Amino acid sequence: MRDPAPPVRLHVRCLRPFCGHEALLDPVPLFGAARDGWPPDGLSRRFVCGCGARAAHVSRAVGRANRDNPCGWL
Numbered sequence: 021m022r023d024p025a026p027p028v029r030l031h032v033r034c035l036r037p038f039c040g041h042e043a044l045l046d047p048v049p050l051f052g053a054a055r056d057g058w059p060p061d062g063l064s065r066r067f068v069c070g071c072g073a074r075a076a077h078v079s080r081a082v083g084r085a086n087r088d089n090p091c092g093w094l
């Protein structure tokens, strides 16, 4: 029996200088199961950081979130 495939997450990193915030998000509750509705990799202005910046870099990450950080922050 094969293990289920690990989930795909969105790695969102703030681009404001000296900020350093990043998050690992589950895209299904945010954008639905259809991957064509997910934001593409690269520059995105669809997310707002805790510092107030709207520019972020988005990439795909495969794996599970760190259990020590239940909010999703890396």
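Just so we're aligned: the sequence shown equals residues 21 to 94 in the working numbering. The beta carbon of each residue, even a glycine, is placed where N, CA and C say it ideally should be. All values reported here derive from a predicted model rather than from experimental measurement.
(message) Please report the distance separating the alpha-carbon of R55 from that of F38.
(response) Answer to the nearest angstrom: the Cα atoms are 31 Å apart.
(request) Drop a sphere of 10 angstroms on the beta-carbon of C71, count the other beta-carbons inside from all chains shown, and report buried for 16 or more, exposed for fewer. (result) That one is exposed.
(message) Buried or exposed for R29, going by 16 or more other Cβ atoms inside 10 Å?
(response) R29 comes out buried.
(message) Could you compute how far the alpha carbon of L63 sits from the alpha carbon of H77?
(response) Looking at the backbone, the Cα of L63 and that of H77 are separated by about 5 Å.
(message) Just to confirm my understanding: we take P59, look at its own chain, exclude 5 residues before and 5 after, and list those with CB closer than 6 Å. What are they?
(response) For P59, where only same-chain residues beyond five positions count, the Cβ hits under 6 Å are R66 and V78.
(request) Output the distance between the C-alpha atoms of R32 and E42, rounded to the nearest integer angstrom. (result) Inspection of the sequence shows that residue 32 is occupied by Val rather than by Arg. V32 and E42 have their C-alpha atoms some 5 Å from each other.
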